[in-house]
Amino acid sequence: MALDSIGPVADSGTQTNPAGLDLQSLLRIIVTQLTYQDPLKPVDNYEFVSQLAQFTSLEQSRQIASKIDDLLSVQSATQTLGLLGRKVDVRGDAGTISGVVKGLSFKNGEPKLTIESENGQFLADASVSQILTVR
325 MALDSIGPVA DSGTQTNPAG LDLQSLLRII VTQLTYQDPL KPVDNYEFVS QLAQFTSLEQ
385 SRQIASKIDD LLSVQSATQT LGLLGRKVDV RGDAGTISGV VKGLSFKNGE PKLTIESENG
445 QFLADASVSQ ILTVR
């Protein structure tokens with residue numbers, strides 16, 4: 325049965341192993357399994373190859389997730405560059421502020437904007453999420 329969300333849903337983009345095991349832990353389990361297997365009933369070759377394929381798939385999924393995170397950071401930076409020189413309305417401490425984006429910096433990998441308001445004051449370190457309108 326599928327459930328639809330009522331509001332917006334945020335996805336962190338990372339997948340976690342429900343058992344909480346990383347690749348090294350899983351490889352230790354295989355080595356332990358091989359070390360203590362019954363010599364009269366060894367592990368089936370197909371089962372062993374299947375386990376190795378699953379571990380390889382797990383590692384590749386982890387690498388893909390990391391690359392997607394990197395790609396999202398680059399995309400965010402590229403989109404933010406397009407705001408330079410544009411007039412924006414942002415949510416500030418004192419309400420809505422209208423101004424022009426004059427500068428861009430990055431803090432902890434997140435783009436921060438410097439906005440010059442219509443009365444000549446500067447709003448530094450505005451987050452992209454504070455933008456209400458772009459003109």
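What the sequence shown shows, in our numbering, is residues 325 to 459, in sequence order. The C-beta atom is built at its ideal place from N, Cα and C for all residues, glycine as well.
Whether residue i touches residue j by CB criterion (8 angstroms)
i           : j           : result
residue 442 : residue 416 : no
residue 454 : residue 414 : yes
residue 420 : residue 456 : yes
residue 361 : residue 355 : no
residue 405 : residue 428 : yes
Reference residue i; option with closest CA among the options
i           : options               : result
residue 425 : 418, 437 and 419      : 437
residue 349 : 383, 452 and 367      : 383
residue 432 : 418, 397 and 406      : 397
residue 370 : 402, 364 and 378      : 378
residue 372 : 363, 439, 362 and 358 : 358
residue 435 : 393, 409, 445 and 403 : 403
residue 418 : 445, 346, 452 and 380 : 445
residue 380 : 351, 430 and 391      : 351
residue 346 : 451, 439, 385 and 392 : 385
For residue i: DSSP bridge partner residues
i           : result
residue 419 : 416
residue 406 : DSSP lists no partner for residue 406.
residue 451 : 436
residue 400 : For residue 400, which the question treats as bridged, DSSP gives no partner whatsoever.
residue 411 : 424
Close-in-space but distant-in-sequence residues of the same chain around residue i (CB under 6 angstroms, 5 per side omitted)
i           : result
residue 459 : 411
Residues near residue i in its chain [Cβ-Cβ closer than 7 angstroms; skip 5 each side]
i           : result
residue 409 : 424 and 425
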